[in-house]
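J.:
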Amino acid sequence: MNIELENVCKIYNQGKANEVKALDAVSLSVEPQTMVCLRGASGSGKSTLLSIIGCVFPPTSGKASVAGKQISRLPARFLGLYRRQVIGFIFQKFNVLPELSVLDNITLPLLPLGISPAARRLRAEPLLDKLSISHRRNFPAGEISGGELQRVAIARALINDPPFLLADEPTAHLDSKLSLEFMEIVSDLKASGKTIVIASHDPLVTDHRNVDSVIDIHDGCIAH
Amino acid sequence: MQTSFIQKHLNILDYALSSLLRRKLKNGGIALIFSLVIFLLASFQFLTQSLETTAEKVLVFAPDITLQRLSAGRQVSLPDSSIGSLAGIFGIRQIIPRVWGYHFDEKNGANYTILGLPADSIQKAEVSLSHGRLPQKKKPGEVVISSSVRASLELGERKSFTLFRSDLSQASFTVVGIFTDNTDILTGDTILMNLQDARDLFRLGDGMVTDLAVSVTNPAETDTIAAKISGIMPDTRILTNSQIRKTYRTVFGWRSGFGSVCLLTALASFVILAWDKASGLSQEEKREIAILKFLGFQINDILALRFWESIAVACVSFLLGLTLAYIHVAFFEGSLFTPILLGWSVLRPSLNLDPAVTFADLLLVFSYSVLPYLAATIIPAWRSAVIRAETII
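Chains A and B supply the protein sequences, listed in that same order.
Residue 74 in UniProt numbering sits at position 74 of the first sequence; the count goes up by one each step and never skips.
Residue 125 in UniProt numbering sits at position 125 of the second sequence; the count goes up by one each step and never skips.
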């Protein structure tokens, strides 16, 4: 259950006047049950790299495999289905739906899987307890604190029990205390067998003791 | 697998309903306008159907053939002695001389239909009364009226009233009976009286009538008998029951068609509005769809979501519109459209319509309202369904 990238390039708006080469011949390997940090300045290409690993879109060229499956040539529909199975994603701005309750936000990925409301609740309860937000389960997500929102985003990413957890600048909107709390949570997840990839330039993340390796990205290339 | 498929659509339906409730102002507004459009369309359809049904019902009592004399293309009175010239036609069961005219009551601002029949014919007529009796022979001034006319004349507990003759002298009448309400469309403005009283009111000469009502033994021979009458009395207009029925249908059909075209224009405007609403997504809605797609919703799931949203709005609006239309026709006599369907030229007392709703009417209203709405909202939904998941990163 590892991640392998070989000479991966990503070009946005290829062939157009506004063509941008976001990634250039990136090769990397992420071992299972490790925590890897992608570090780089804004615009360095780390979010693009995270998106390719996260099966959000395929690379323009090169080979990418996640959990043994070649995703480079998968059509968008299958890429989405595969992402649903193996990837949990935590966004920089959390991307929760503020009018929905905490519980409904967390169980949102289960709706298209045809899982009944009772079964959805059963799956969510342990996560609510583990992340200490069970007392907020019926609150609209728009009415809870930033730290709690982050936990909701983590619970939602874990609801399908994916082997990989990706996070894009997860501490950008958190103070240092909450950032450390986040790192403790993902450290526990790593200990429980998840593979974690975090894109961040926050030292609280990159320098955390449980981060196994840091990959520096500069102008779309891995800096050696 | 099948359970999972059904559960998935139940989940999406549940999400669609909660999504509608979250934007209740916007969706409520759409549903309200849509209900109004359906209410107007359904009212029109129900009212047309009710009028046709009621007209059909009361035409059962109409004569098989009505004869009127024409002079210079206008109707004039004819002597009741004309009956004699028709005596030789085989198949005629009965000929009743009538005085049938309109009397405008300036005081009450109402137009009454005066129907004068020979006393014998009145007694034999299949007229149903809610109470009282029919006018009797040798009792001048006795009339039967509808409850609508009674209300219009503001009689209250009184039984007598007067109407002005053409020379402004007054004719007195006594109410001896009231028509039942189920024949209101024809009797709603009718005052039934003895032939002589009607002649006196309209100042017709002795023995003159406005028309002759002919009943035939075999209704299948009506047209043949009408042709024979036409040969004997070439200066008369001959109206058969089936012709009157056809005219009613044509008039209601034409007016209903005209009204429907006007209402369909309103519907078209609404559909354009719905299309515009469905294709012009707000930033918030685009973001929500991108989140859903990122979390595993596929294009067909988003389309299903939009479909259920539209179905929910359409069903609520359809039921609300239909219910309001039924109430409008059944309890308020279709007051919004009665002037269009019955014409404005006659001030009619109130109608008592039997609301007639057929499956075909419901299907018609559904086809003209819900289907265009679904098309107008689901086709542009494709544009929202293809929003790319990565836009939220």
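Idealized CB from N, CA, C, for every residue including glycine.
Bear in mind the structure is a predicted one, so any value in this text is a computation, not a measurement.
What distance in whole Å lies between the Cβ atoms of Ala-42 (chain B) and Val-365 (chain B), which are believed to be in contact at a cut-off of 8 Å?
T.: Locating residue 365 (chain B) in the second sequence gives position 365, counting from the first residue. Locating residue 42 (chain B) in the second sequence gives position 42, counting from the first residue. Between Ala-42 (chain B) and Val-365 (chain B) the Cβ distance is about 5 Å, and since that is below 8 Å, they are a contact.
J.: If we call anything under 8 Å between Cβ atoms a contact, is Thr-180 (chain B) one with Leu-129 (chain B)?
T.: If you number the second sequence from 1, residue 180 (chain B) lands on position 180. If you number the second sequence from 1, residue 129 (chain B) lands on position 129. Yes, they are a contact pair.
J.: Let me confirm a value: Pro-349 (chain B) is counted as buried when at least 16 other C-beta atoms fall within 10 Å, else exposed. Which label applies?
T.: The sequence position of residue 349 (chain B) within the second sequence is 349, counting from 1. Since pLDDT at Pro-349 (chain B) reaches only 44, below the 50 mark, its modelled position is unreliable, and the value read off the structure follows with that caveat. Pro-349 (chain B) should be labelled buried.
J.: So the candidates are A:Arg-136, A:Asn-95, A:Leu-79; which of them puts its Cα closest to the Cα of Ile-52 (chain A)?
T.: As a first step, residue 52 (chain A) must be located in the first sequence, where it is residue number 52. The residue with the shortest Cα to Cα distance from Ile-52 (chain A) is A:Leu-79.
J.: Residue ranges of each alpha helix (DSSP H) run of no fewer than 4 residues wholly in the stretch 68-99 of chain A, ordered along the chain?
T.: Runs found: 76-86.
J.: Give a yes or no on whether the minimum CB-CB distance between Asp-361 (chain B) and chain A is below 8 Å.
T.: Looking up residue 361 (chain B) in the second sequence gives position 361. Not closer than 8 Å to any Cβ of chain A, the Cβ of Asp-361 (chain B) fails to qualify, so no.
J.: Suppose you measure from the CA of Gln-196 (chain B) to the CA of Tyr-248 (chain B); what does that come to, to the nearest Å?
T.: Walking along the second sequence from the start, residue 196 (chain B) turns up at place 196. Walking along the second sequence from the start, residue 248 (chain B) turns up at place 248. Distance between the alpha carbons of Gln-196 (chain B) and Tyr-248 (chain B): 30 Å.
J.: Can Ser-27 (chain A) and Asn-7 (chain A) be called in contact, C-beta distance under 8 Å?
T.: Position 27 of the first sequence, counted from the start, is the residue given in the question as residue 27 (chain A). Position 7 of the first sequence, counted from the start, is the residue given in the question as residue 7 (chain A). Result yes, Cβ atoms of Ser-27 (chain A) and Asn-7 (chain A) sit closer than 8 Å.
J.: Name, going along the chain, the residues of the stretch 71-84 of chain A whose beta-carbon falls closer than 9 Å to a beta-carbon of chain B.
T.: So the list reads Ala-76, Arg-77, Gly-80, Leu-81, Arg-83, Arg-84, given in the order they occur along the chain.
J.: Below 8 Å, can you find three or more Cβ-Cβ pairs linking the stretch 126-141 of chain A to the stretch 19-36 of chain B?
T.: These segments do not touch.
J.: Measuring CA to CA, which of B:Val-271, B:Asp-120, B:Glu-284 is closest to Pro-380 (chain B)?
T.: To locate residue 380 (chain B), count along the second sequence from 1; it is residue 380. Looking at the Cα atoms, B:Val-271 is the closest of the given residues.
J.: Taking the beta strand (DSSP E) that Pro-97 (chain B) falls in, what are its first and last residues?
T.: Within the second sequence, numbered from 1, the residue matching residue 97 (chain B) stands at position 97. That run of the beta strand (DSSP E) goes 92-105.
J.: With 8 Å set as the bound, which would you pick, yes or no: does the beta-carbon of Lys-26 (chain B) sit closer than that to a beta-carbon of chain A?
T.: As a first step, residue 26 (chain B) is located in the second sequence; it is residue number 26 there, counting from the start. It does not: the Cβ of Lys-26 (chain B) has no partner Cβ on chain A nearer than 8 Å.
J.: Is there contact between the stretch 24-40 of chain A and the stretch 197-213 of chain A, where contact requires at least three CB pairs shorter than 8 Å?
T.: Yes: at least three Cβ pairs fall under 8 Å.
J.: State buried or exposed for Val-175 (chain B), treating a residue as buried only when at least 16 other CB atoms are found within 10 Å of its CB.
T.: Mapped onto the second sequence, residue 175 (chain B) falls at position 175. Under this definition Val-175 (chain B) is a buried residue.
J.: For Ile-185 (chain A), collect the residues of the same chain with a Cβ closer than 8 Å to its Cβ; drop the 5 residues on either side in sequence, then sort them by chain order.
T.: By one-based count along the first sequence, residue 185 (chain A) stands at place 185. The answer, listed in chain order, is Leu-131, Arg-151, Ile-154.
J.: Leaving out the 5 sequence neighbours to the left and right, which residues in its chain are closer than 7 Å to Leu-292 (chain B) when beta-carbon positions are compared?
T.: Translated into positions along the second sequence, residue 292 (chain B) becomes position 292. Closer than 7 Å at Cβ, skipping near neighbours: Ile-302.
J.: Nearest chain B C-beta to Ile-11 (chain A) closer than 8 Å, yes or no?
T.: For the purposes of this step, residue 11 (chain A) is identified with residue 11 of the first sequence, where counting begins at 1. Cβ-Cβ to chain B under 8 Å: no for Ile-11 (chain A).
J.: Keeping to the same chain, check which residues put their C-beta closer than 8 Å to that of Ile-311 (chain B); ignore five residues upstream and five downstream.
T.: One-based indexing of the second sequence puts residue 311 (chain B) at position 311. The residues are Leu-374.
J.: Please state if the CB of Phe-294 (chain B) and the CB of Ile-378 (chain B) are separated by a distance shorter than 8 Å.
T.: Position 378 of the second sequence holds residue 378 (chain B). Position 294 of the second sequence holds residue 294 (chain B). The answer is no: Cβ separation not under 8 Å.
J.: If you run the structure through DSSP and keep just helix, strand and coil, what is Cys-315 (chain B)?
T.: Along the second sequence, read from residue 1 onward, the residue named residue 315 (chain B) stands at position 315. Cys-315 (chain B) falls in the helix class under three-state DSSP.
J.: Work out the CA separation of Leu-201 (chain B) and Arg-74 (chain B) for me, nearest whole Å.
T.: The sequence position of residue 74 (chain B) within the second sequence is 74, counting from 1. The sequence position of residue 201 (chain B) within the second sequence is 201, counting from 1. Rounded to the nearest angstrom, the two C-alpha atoms are 21 Å apart.
J.: I need the DSSP call for Ala-110 (chain B), collapsed to helix, strand or coil.
T.: Within the second sequence, numbered from 1, the residue matching residue 110 (chain B) stands at position 110. Ala-110 (chain B) falls in the strand class under three-state DSSP.
J.: Taking DSSP as the reference, what is the three-state secondary structure of Thr-391 (chain B)?
T.: Here the question's residue 391 (chain B) lines up with position 391 in the second sequence. Helix, per DSSP.
J.: What are the start and end residues of each continuous beta strand (DSSP E) run of 3 or more residues lying completely inside the stretch 198-277 of chain B, in chain order?
T.: Taking only runs of at least 3 residues, the beta strand (DSSP E) segments lying wholly in the stretch 198-277 of chain B are 211-216, 236-240.
J.: Would His-131 (chain B) be called buried (16 or more neighbouring beta carbons within 10 Å of its own) or exposed?
T.: As a first step, residue 131 (chain B) is located in the second sequence; it is residue number 131 there, counting from the start. The residue in question, His-131 (chain B), is exposed, as its Cβ has fewer than 16 Cβ neighbours within 10 Å.
J.: Since Arg-150 (chain B) is in the alpha helix (DSSP H), which residue starts that stretch and which ends it?
T.: Locating residue 150 (chain B) in the second sequence gives position 150, where the first residue counts as 1. 147-152 is the extent of the alpha helix (DSSP H) around Arg-150 (chain B).
J.: Any idea if Ser-345 (chain B) is buried or exposed, counting beta-carbon neighbours within 10 angstroms, 16 or more meaning buried?
T.: Against the second sequence, residue 345 (chain B) aligns to sequence position 345. With a pLDDT of 42 at Ser-345 (chain B), under the threshold of 50, the predicted position of this residue should be treated as unreliable, though the coordinate-derived value follows. Classification of Ser-345 (chain B): exposed, given that the 10 Å Cβ count is below 16.
J.: Let me see if you follow: with CB-CB separation under 8 Å, is Phe-89 (chain A) close to chain B or not?
T.: Against the first sequence, residue 89 (chain A) aligns to sequence position 89. Judged by the 8 Å Cβ criterion, Phe-89 (chain A) is in contact with chain B.
J.: Looking at Ala-290 (chain B): is its Cβ nearer than 8 Å to the Cβ of Ala-389 (chain B)?
T.: Position 290 of the second sequence, counting from 1, holds the residue named residue 290 (chain B). Position 389 of the second sequence, counting from 1, holds the residue named residue 389 (chain B). Closer than 8 Å, so yes.
J.: Enumerate in chain order the residues of its own chain whose CB-to-CB distance from Ser-65 (chain A) is below 7 Å, with the five nearest sequence positions on each side excluded.
T.: Numbered from its first residue, the first sequence carries residue 65 (chain A) at position 65. Excluding sequence neighbours, Ser-65 (chain A) sits near Glu-4, Ile-71.
J.: With a threshold of 8 Å between beta carbons, is residue 400 (chain B) in contact with chain A?
T.: An answer regarding residue 400 (chain B) cannot be provided, because it is not within the stretch 1 to 393 covered by chain B.
J.: Which residues in chain B sit within 7 Å of Pro-109 (chain A), going by Cβ to Cβ distance?
T.: Numbered from 1 along the first sequence, position 109 holds the residue referred to as residue 109 (chain A). Within chain B, the residues near Pro-109 (chain A) are Leu-295, Gly-296.
J.: Does Ile-229 (chain B) pass the burial test, meaning 16 or more other C-beta atoms within 10 Å, or should it be called exposed?
T.: Taking the second sequence and counting its residues from 1, the one referred to as residue 229 (chain B) is at position 229. With 16 or more Cβ atoms within 10 Å of its Cβ, Ile-229 (chain B) is classed as buried.
J.: Under 7 Å: does the beta carbon of Asn-105 (chain A) sit that close to some heavy atom of the ligand MN?
T.: The model on display carries no ligand, and the ligand MN is accordingly not part of it.
J.: Does any CB atom of chain B fall closer than 8 Å to the CB of Leu-149 (chain A)?
T.: In the first sequence, the residue the question calls residue 149 (chain A) occupies position 149. It does not; no Cβ of chain B falls within 8 Å.
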